[in-house]
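*Asks:* I have a structure I would like to understand better, so I am pasting it below and will then ask my questions one at a time.
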Amino acid sequence: MKKVLSLTAIVVIIVGFGCDQSNQIVTDMELGRDMFNGSGNLNAAVGHLEKAKEVEENPTEARTLLAIAYSYGLSTGDARALGKESTYKSKGNDLVSSLSKTEIQAILDRLLEHRRYHKAAMDVIVASGQKGVPVLLGAVSSPIYTKIQSEVEEMLVRIGNQDASSIIQALGNSSMSTAKKMEIVRVIGKINNLDAKEQLVNFRSNVNGALRVEVEATLYQLGTTEYRSELIAGLSATDVETRRAATRAMSLINKSPTDQIIKAAEDQDVQVRLHAMDALAKYPAKSALATILEAVFSDPDVSVKQAATTAAVEHISKGYGKGLAKQLVGKIKDMENPDDRLRVVKLLRTDRIRNQIKINKFENLEYQIYEYMDKEEDNEMVKRELNRLLNDLDTSS
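Residue numbers (our numbering): 331 to 727.
What follows is the structure, given as structure tokens:
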């Protein structure tokens with residue numbers, strides 16, 4: 331009898347467990363999320379998300395995904411194809427206008443996932459207007475949002491083009507770091523809004539150092555050229571952050587002060603040298619080439635060497651590298667680092683330097699290059715680039 335009872339109990343447990351499994355329900359939230367995150371039917375996903383918005387205890391995910399879905403459907407043309415364009419537009423506008431700061435933050439976090447609706451999510455944040463500004467400002471220079479800094483900047487600019495007041499007012503926040511304020515000032519420089527310009531002029535009078543220089547650079551960018559002398563003076567400031575801001579601004583200034591930028595290109599600070607090279611690349615000058623080449627050959631920082639190589643190419647293309655071919659061919663033989671040799675080969679492959687190699691019959695530079703590649707070069711990548719150079723020379727003969 332005991333055995334029969336025990337067997338009956340086991341059957342009841344198994345049946346009960348089976349019933350529990352079969353009674354599990356997939357929610358509208360789960361269906362809507364999976365359909366929208368995947369490649370499911372948009373209208374079906376919207377339908378599930380609309381239901382989830384009403385029944386979920388915490389509707390944040392449903393509301394944010396639904397707002398993005400409406401925007402996505404409108405931007406892709408799917409809403410029109412479904413005959414739902416006016417419905418999606420009306421419901422989307424109502425939902426976006428009611429989004430809370432927490433929900434806008436949740437949409438921003440979704441941008442980190444880089445899903446198919448990435449741009450639609452950005453459009454929702456922009457459509458939220460001034461409510462979205464604090465969320466975006468919080469993401470500026472944040473290590474959490476490093477991968478989407480360009481998107482954060484773009485959204486701030488788009489909102490600021492309509493109304494930049496809250497962005498500029500944020501600069502008065504005493505708890506905000508100077509570095510973050512400088513990033514925001516650069517964003518303001520990209521906003522096409524006259525009110526922003528006037529408010530920045532007022533803000534400038536209350537700050538100093540690197541932040542003041544950054545504001546002056548932005549105002550110059552916006553058409554107020556009267557701060558040119560202040561920006562140039564910043565190149566010789568004792569404070570390194572001020573020098574960095576000033577050299578960055580040199581790429582904006584017309585009639586670039588070449589002599590001062592050349593001096594900045596020899597600064598002890600890497601960022602100052604890097605910005606100086608960027609400015610020299612934008613405004614080539616014959617007197618700058620020697621300093622630029624010295625950086626290509628021997629600067630201790632790789633990023634500066636790269637920027638200097640770009641600047642050297644620009645100068646050579648302007649005809650400032652007369653007689654340079656012989657120097658470069660000689661230099662490549664003395665360089666220990668193959669990456670440095672690759673940079674020199676890049677200069678050798680420019681049109682003007684190749685022409686110099688071809689016409690210099692007395693030095694026979696082309697043969698020197700071949701002999702070096704064949705007998706001395708031990709790096710395969712450098713050999714390959716040298717071989718390409720020789721092929722270029724053969725083709726042009």
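Cβ coordinates follow ideal geometry from the N, Cα and C atoms, glycine included. All values reported here derive from a predicted model rather than from experimental measurement.
1. Please classify Thr680 as buried or exposed, where buried requires at least 16 neighbouring CB atoms within 10 angstroms.
2. Ignore the nearest five residues each way along the sequence and tell me which others in Gly564's own chain have a CB closer than 6 Å to its CB.
3. In the DSSP assignment, the alpha helix (DSSP H) including Arg393 goes from what residue to what residue?
4. Alpha carbon to alpha carbon, how far is Ile355 from Ile343? Give it in angstroms, no decimals.
5. From the DSSP output, in three-state form, read off Glu644 for me.
6. Is Lys414 helix, strand or coil when you go by DSSP?
7. May I have the straight-line CA-CA distance separating Thr640 from Glu433, to the nearest angstrom?
8. Nearest-angstrom Cα distance between Thr390 and Glu384?
9. Would you call Val632 buried or exposed, if buried means 16 or more other Cβ atoms sit within 10 Å of its Cβ?
10. Are the beta-carbon atoms of Thr548 and Ile518 separated by less than 8 Å?
11. Count the CB pairs spanning the region 475–483 and the region 497–505 that are closer than 8 Å, and state whether there are at least three.
12. My assumption, with CB atoms under 8 Å, is that Arg682 sits in contact with Ile646. Please give the rounded CB distance.
13. Is it right to say Asp670 is buried, meaning 16 or more other beta carbons lie within 10 angstroms of its own, or is it exposed?
14. Whose CA, out of Leu623, Gly422, Glu560 and Glu596, lies closest to the CA of Ala642?
15. Please confirm whether Ile514 and Ala494 have their CB atoms less than 8 Å apart.
16. Taking Gln551 as the reference, give the member of Ser458, Asn522 and Ala611 with the closest Cα.
17. Which residue wins for smallest C-alpha separation from Ala392, given the options Val376, Leu404, Ser401 and Gly403?
18. How many Å lie between Val600 and Gly413 at the Cα?
*Replies:* Reading from the atomic positions:
1. buried
2. Val543, Thr572 and Ala576
3. Taken as a continuous stretch (DSSP letters only), the alpha helix (DSSP H) holding Arg393 covers Thr390 to Thr406.
4. Its pLDDT being 43, under 50, Ile343 is placed unreliably by the model, and nothing is read from it.
5. Glu644: helix per DSSP, three-state reduction.
6. In this structure, Lys414 counts as coil in the three-state DSSP scheme.
7. 44 Å
8. 11 Å
9. Answer is exposed; the Cβ neighbour count stays below 16.
10. yes
11. When C-beta atoms of the region 475–483 are compared with those of the region 497–505, fewer than three pairs fall below 8 Å, so the two segments do not count as touching.
12. 5 Å
13. buried
14. Leu623
15. no
16. Asn522
17. Considering only Val376, Leu404, Ser401 and Gly403, the residue with the shortest C-alpha distance to Ala392 is Val376.
18. 58 Å
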